[in-house]
Amino acid sequence: MTQTQNDTHWITEGLTVESALEHVYAKNGFHQEFVISKDSLRELAQRFRSREYFLECLSVVDYPDHFECCYQFNRWDKIHRVLVKVRNPDKTHPHFPTLSDIYEGANWYEREGYDFFGVIFDNHPHLTRLLLPETAKIHPMRKDFKGDSGTDVEDVLALIEYEDHQYEKVSQELKNKYQKDYFINMGPQHPSTHGVLRLLLHLDGERVLETYPVIGYSHRDHERMAEYKNYLQFTPNMGRMDYVGAMSFNFGYIGLIEKALGMAPSPRAEYIRVFSTELNRIASHLLWLGTYLLDLGAMTPFFYCFDDRENILDMLEMLTGERLTYNFFRFGGVAYDVPEGLGDQLKAFIPKMRGRLKDYKILIEKNIIFMKRTKEIGVLTKDQALSYGVTGPMLRACGIAYDIRKAEPYSIYPEMNFEIPTFPGCDTFARYQVRLAEIEQSLRIAEQAFAKMPEGPIKGEKAPKVSPKVPAGEFYFAVESARGHYGEYLVANGSANPYRLKQRTPSYANLSSLSSMLSGHLVADVVAVLGSTDVVMPEIDR
Amino acid sequence: MNELFRIILSLVIVIGFVLINSLVLVWLERKVSARIQLRRGPLYVGWFGLLQTFADALKMLGKELIFPKNCDKVLYFLAPILSFAPVLGAFLVIPFGQHLVIQDLNIGLLLVFAFSGLSFIGIFMAGWASNNKYSLLGGMRSVAQNISYEIPLLLSSLNIVMMAKSFRLSDIVRAQAHVPFILLQPLAFIIFITSALAESNRTPFDIPEAESELVAGFHTEYSGLRFGIFFISEYTYVFISSCVATALFLGGSHGPFLSGWAWFLMKAYFVVFVVMWVRWTLPRLRSDQLITFAWKVLIPLSLFNIICTALALQLLKQ
Amino acid sequence: MEIREIQKVTPDDIQVSEGVALFKLDQLLDKARSNSLWPLTFGLTCCAIEMMAVGSPRYDIDRFGFGVFRATPRQADVMIVSGTISRKMAPRIKTLYDQMPSPKWVIAMGGCAIAGGPFKYPGQYAILEGIDKIIPVDVYIPGCPPRPEALVSALLKLQEKITAKKD
Amino acid sequence: MSSNNYIYVLVFFVVGLLFAVAFTCTPLILSPRSRGKKKTSTYESGEDTLGSAWVQFDVSYYLFALIFLAFDVEVIFLFPVVLTYSIAPLLIDLLKIVIFIGILALALAYAWRKGIFSWK
Chain A
296 MTQTQNDTHW ITEGLTVESA LEHVYAKNGF HQEFVISKDS LRELAQRFRS REYFLECLSV
356 VDYPDHFECC YQFNRWDKIH RVLVKVRNPD KTHPHFPTLS DIYEGANWYE REGYDFFGVI
416 FDNHPHLTRL LLPETAKIHP MRKDFKGDSG TDVEDVLALI EYEDHQYEKV SQELKNKYQK
476 DYFINMGPQH PSTHGVLRLL LHLDGERVLE TYPVIGYSHR DHERMAEYKN YLQFTPNMGR
536 MDYVGAMSFN FGYIGLIEKA LGMAPSPRAE YIRVFSTELN RIASHLLWLG TYLLDLGAMT
596 PFFYCFDDRE NILDMLEMLT GERLTYNFFR FGGVAYDVPE GLGDQLKAFI PKMRGRLKDY
656 KILIEKNIIF MKRTKEIGVL TKDQALSYGV TGPMLRACGI AYDIRKAEPY SIYPEMNFEI
716 PTFPGCDTFA RYQVRLAEIE QSLRIAEQAF AKMPEGPIKG EKAPKVSPKV PAGEFYFAVE
776 SARGHYGEYL VANGSANPYR LKQRTPSYAN LSSLSSMLSG HLVADVVAVL GSTDVVMPEI
836 DR
Chain B
86 MNELFRIILS LVIVIGFVLI NSLVLVWLER KVSARIQLRR GPLYVGWFGL LQTFADALKM
146 LGKELIFPKN CDKVLYFLAP ILSFAPVLGA FLVIPFGQHL VIQDLNIGLL LVFAFSGLSF
206 IGIFMAGWAS NNKYSLLGGM RSVAQNISYE IPLLLSSLNI VMMAKSFRLS DIVRAQAHVP
266 FILLQPLAFI IFITSALAES NRTPFDIPEA ESELVAGFHT EYSGLRFGIF FISEYTYVFI
326 SSCVATALFL GGSHGPFLSG WAWFLMKAYF VVFVVMWVRW TLPRLRSDQL ITFAWKVLIP
386 LSLFNIICTA LALQLLKQ
Chain C
57 MEIREIQKVT PDDIQVSEGV ALFKLDQLLD KARSNSLWPL TFGLTCCAIE MMAVGSPRYD
117 IDRFGFGVFR ATPRQADVMI VSGTISRKMA PRIKTLYDQM PSPKWVIAMG GCAIAGGPFK
177 YPGQYAILEG IDKIIPVDVY IPGCPPRPEA LVSALLKLQE KITAKKD
Chain D
105 MSSNNYIYVL VFFVVGLLFA VAFTCTPLIL SPRSRGKKKT STYESGEDTL GSAWVQFDVS
165 YYLFALIFLA FDVEVIFLFP VVLTYSIAPL LIDLLKIVIF IGILALALAY AWRKGIFSWK
């Protein structure tokens, strides 16, 4: 879908543009690219915001002679991905204008840019460390940072010292005055923050005045590891970033490298990829359903959902050898062929799962207490979803049918007939309905993909035997993971290691919209809304 | 002399029964929840896992007791004691058989409600004393919930008093010789069971110790046997309210073949099973929905029920 | 590679047992403790999902008495450190370990909790390579993530360690 | 056998108290002690608490306590009335009960209209 030139003249009208490029979408994932000056960035962002574009991703790249902020804007209905670059030659303290008042989603991206690169965004409301501890003095993603391996215990003890001192100082101030409202830590170790997320709640009695999510408790920095490892060595990290829906992360990374190398996997591998990704999506939604109802106080559905999930894990373990952190995709195909026992296991599983779905609908949806706990709770309007860049089931619960499998079809999804379920509710009940309907759609896709799977090799003939060398250039590839739009922005310089590999993960944007959904609710709703966003922490902390 | 002997004997029986019964109820709860959740529950500790809760109790005996920093030491120490102490008193008047009752006081029903009303003060003290925000939330919620559900509990039991013309539990049981009151007062039975569930903090009314929101509610800071005592008093209150429910509504120890106390225990344990069954099927209500449900639905219904019973008595008089 | 002293544990973590040493009762208490190890719900990353799977119907540890997952450290006996320990999370783990009443045990689950796992490379600045650098660990489970059966066998191994004869 | 001997109530309550005290003191003898820097710090999911938890709590809880007071007095009044009425159901007593309950239903309706239950 190449964009006609006159159609997009409004983007650069009256702005100082250093260079404008027209890209072939199929080759590297962008439609257009502009390099503009720093001071016209805010004006351009204003135009995109008014024309229903959402800020897909902001990646800071550390080039030898300058710092570069790459903003990507995209639309829901008609895909038109524009890459806007802003450069700043000052290498010690680069300054860029902030977009956090136009796009609230940019707030966390900019804090992460400051955290990793030391890039300062002027008049950003709260420019502090996001993922690293407060005592960190390093900017790790800069090319000149060598990493301090071996001093981990000293760092931790220093952090303990700092926090004890901090605790003494703060608790002295608050001790003497009887305050009406108070702060409570729904902190890293809490039964209903899935993984290690800390919510600092400002409460008055039981009512939530303000929520401050604190993340970074499972930060392992996959992006910096990518720069240390070559393309093949980095594939295991994909299974450990979103360990609940790891197959779609494999799909995203391997798809990106195949697009960069310009090669196609073998047809049989395409079908194996799609059918295993869909099974993994069902397993992810089942895990969400079990833990979500556990948060609302119903302890029994957790065991039924895990029972179904075990059947899927058996099949995927038969296929890939792993239960959770899959490393199954290879450049140009998949690692193993389908064992013969898998077919009839799948044929036995699908009707059982459909039966169970009917039970879930009757037992959960009709339950008056479940409805009262989820209806009109945690409402996310369409405009908020646009400004935070929310994607996936949370967006489809606001009535917008944005799904990468239909919006930017990849692999063999055009041949599968399935719908994108959307519900207009905008609240946690609608998100529940979307995910349950998605399980049915994924069942259909898995059925068709397994039925239409041709015979043949599981690796394309041009599949590289050794870790490939990607030609220089910038590439972007997006995939629909269980939580939303998972994309990767690759800057390759022709060597065996990527120069910069930015992961645009869906839960990062979804969680940043949490504080806007929660004000005015009770403590019990905080748990319900957090559960409905279905976040996976290492995907956010990377 | 035999009065003193009788007191000591009944004391030993009641304390033994309370301990054994709470261990059995915890084991029963884990087995029932396991069956509902497609799994087996405690299996390898003792025969059929029967010794499992005994092992838990013994382990708690050996756990360290920690006083949290800047907590109110006296209240913190008193809270579990006050929540366990009234438990024994409630067993005084429960009519296990025709004459199998320790002391048939003529204010039987009032005594049971008086003692069961005392326990939530222990819960609130625990919530406030441990100087922990989660416990504070749990304690405040338990206050609001217990005072809201005390009234429908008392009002719905008044209907039975009106029909049995006495507060003495054995009289009430005797009055149900032909037809258990559950058939004559179905609405009062529903209100009674709902508010009894709320009084003993069972799902869907278990907001004081909501695991998913408040980590462990009012007993967040309690370790070892102090937490164990809260556990024992909760399960004993479930048993007491089901005994009162059988005495008031299900015709106590009346039954065709078996002896009185066997019928009574069977009915009581059936009500306990229903309470456990409800726990593992329903989600938890939010605290404001729960309280408004009591004030907007249960109390008006029970007031209306009293007026109807009074009218019925008036008509039946002629 | 110089062998760094693994047990760099500050002295105030050592468990001091001043309880009255009634010989028979101690063994009975240990038998009871081993049969009712209540784990602390404390999942970090990928191994947390396998820890949840251990409670599911197929691997059900409630058969052995460990199924009661307590969310507060005050009532937990075993801390199962499952996942990668980032340097921001390490002080919290130390606090939680201190808040658990003794007797308490720690199971390091997965490669990351043992020694950094797949995220250990020269220049790693974000993770603590191994939980035994700040708290004493009783049972290690290799694997990334270890299968639920491995966690069940680790808990049984911990049982043997508790009831082993202390000569 | 139906002697109204209230000594039982006192003895059972006192023995319950003593038993509970004994229960909470036995572990002090049997349990080992561990020393940790943050052993006694209040638990707040791993973090340090910001300020003490003894705060002025939400006012809507105390409004419930006031209405509870009114209704509890009503229930206490109803106890003897209901008993005597059931023994000799006179019409005049029925009217008194209905009027009394009607007034209290009005009090409930007034509290409902004033929005005490809506937790704003």
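Protein chains in written order, with my numbering: chain A, 296 to 837; chain B, 86 to 403; chain C, 57 to 223; chain D, 105 to 224. Even glycine gets a Cβ: it sits at the ideal position worked out from N, Cα and C.
Inter-residue spacing [alpha-carbon to alpha-carbon] between residue 84 of chain C and residue 109 of chain C: 31 Å
Where residue 507 of chain A falls: helix, strand or coil (DSSP): In this structure, DSSP gives residue 507 of chain A an extended state, which the three-state scheme calls strand.
Environment of residue 621 of chain A [buried if 16+ CB atoms lie within 10 Å]: buried
Residues of the stretch 151-170 of chain D with Cβ closer than 9 Å to any Cβ of chain A, in chain order: 151, 152, 153, 154, 155, 156, 157, 158, 159, 160, 161, 162, 163, 164, 165
Segment limits, alpha helix (DSSP H) that includes residue 283 of chain B: 271-284
Partners in chain A for residue 158 of chain C, counting only beta-carbon separations shorter than 8 Å: At a C-beta separation below 8 Å, residue 158 of chain C has no neighbours in chain A, since its nearest C-beta there lies roughly 19 Å away.
Residue 351 of chain B burial status per 10 Å Cβ neighbour count (16 or more: buried): Per the 10 Å Cβ criterion, exposed.
Collapsed DSSP secondary structure at residue 156 of chain D in the structure displayed: coil
Three-state secondary structure assigned by DSSP to residue 300 of chain A: Reliability fails at residue 300 of chain A, whose pLDDT of 47 lies under 50, so the model's placement of it is uncertain and the value that follows must be treated cautiously. In this structure, residue 300 of chain A counts as coil in the three-state DSSP scheme.
DSSP-derived helix/strand/coil call for residue 517 of chain A: Under the three-state reduction of DSSP output, residue 517 of chain A falls in the helix class.
Three-state secondary structure assigned by DSSP to residue 474 of chain A: coil
Cβ shell of residue 183 of chain C (< 8 Å), same chain only, five flanking positions each side left out: Here the set comprises 140, 141, 142, 143, 168, 172, 175, 176.
Residue-level contact to chain C via CB, residue 484 of chain A, 9 Å cutoff: yes
Min CB distance residue 604 of chain A to chain D below 9 Å: no
Residue 383 of chain B at chain D interface by Cβ criterion, 9 Å: no
Three or more C-beta pairs below 8 Å linking the stretch 553-562 of chain A and the stretch 755-773 of chain A: yes
Helix, strand or coil at residue 323 of chain A according to DSSP, with G and I counted as helix: helix
Element boundaries [alpha helix (DSSP H), containing residue 648 of chain A]: 636-655
Neighbourhood of residue 217 of chain D by C-beta distance below 8 Å, restricted to the same chain and skipping five residues each side: For residue 217 of chain D, where only same-chain residues beyond five positions count, there are no Cβ hits under 8 Å.
Bridge-paired residues (DSSP) for residue 214 of chain D: In DSSP, residue 214 of chain D forms no bridge with anything.
CB of residue 574 of chain A within 9 Å of CB of residue 345 of chain A, strictly: No.
Distance between residue 260 of chain B and residue 186 of chain B (C-alpha atoms, nearest Å): 17 Å
Beta-carbon proximity check, residue 773 of chain A vs residue 714 of chain A, cutoff 9 Å: no
Three-pair Cβ contact test at 8 Å for the stretch 565-584 of chain A versus the stretch 535-554 of chain A: yes
Three CB pairs or more closer than 8 Å across the stretch 198-210 of chain B and the stretch 164-184 of chain B: Per the Cβ contact rule, the stretch 198-210 of chain B is in contact with the stretch 164-184 of chain B (3 or more Cβ pairs under 8 Å).
Stretch pair the stretch 181-198 of chain D + the stretch 152-171 of chain C: three plus CB contacts closer than 8 Å: no
Three-state secondary structure assigned by DSSP to residue 334 of chain A: helix
CB contact below 9 Å: residue 104 of chain B versus chain C: no
Beta-carbon proximity list for residue 699 of chain A, same chain, < 7 Å, skipping 5 on both sides: 773, 774, 775, 780
Beta-carbon proximity list for residue 724 of chain A, same chain, < 6 Å, skipping 5 on both sides: 669, 670
Buried/exposed call for residue 59 of chain C, threshold 16 Cβ in 10 Å: Residue placement at residue 59 of chain C cannot be trusted, given a pLDDT of 46 that sits under 50; the coordinates are not used to answer.
Residue from D/109, D/116, D/209 whose Cα sits closest to the Cα of residue 50 of chain B: No statement about residue 50 of chain B is possible, as the shown extent of chain B runs from 86 to 403 and does not include it.
Presumed contact (8 Å Cβ cut-off) between residue 376 of chain B and residue 281 of chain B, rounded CB distance: 17 Å between Cβ atoms; not a contact.
Amino acids of chain A, ordered along the chain, whose beta-carbon sits closer than 8 Å to that of residue 145 of chain C: 483, 491, 512, 513
Alpha carbon of residue 193 of chain C to alpha carbon of residue 92 of chain C, nearest angstrom: 19 Å
Check whether residue 411 of chain A and residue 355 of chain A have beta carbons under 9 Å apart: The criterion of a C-beta distance shorter than 9 Å is satisfied by residue 411 of chain A and residue 355 of chain A.
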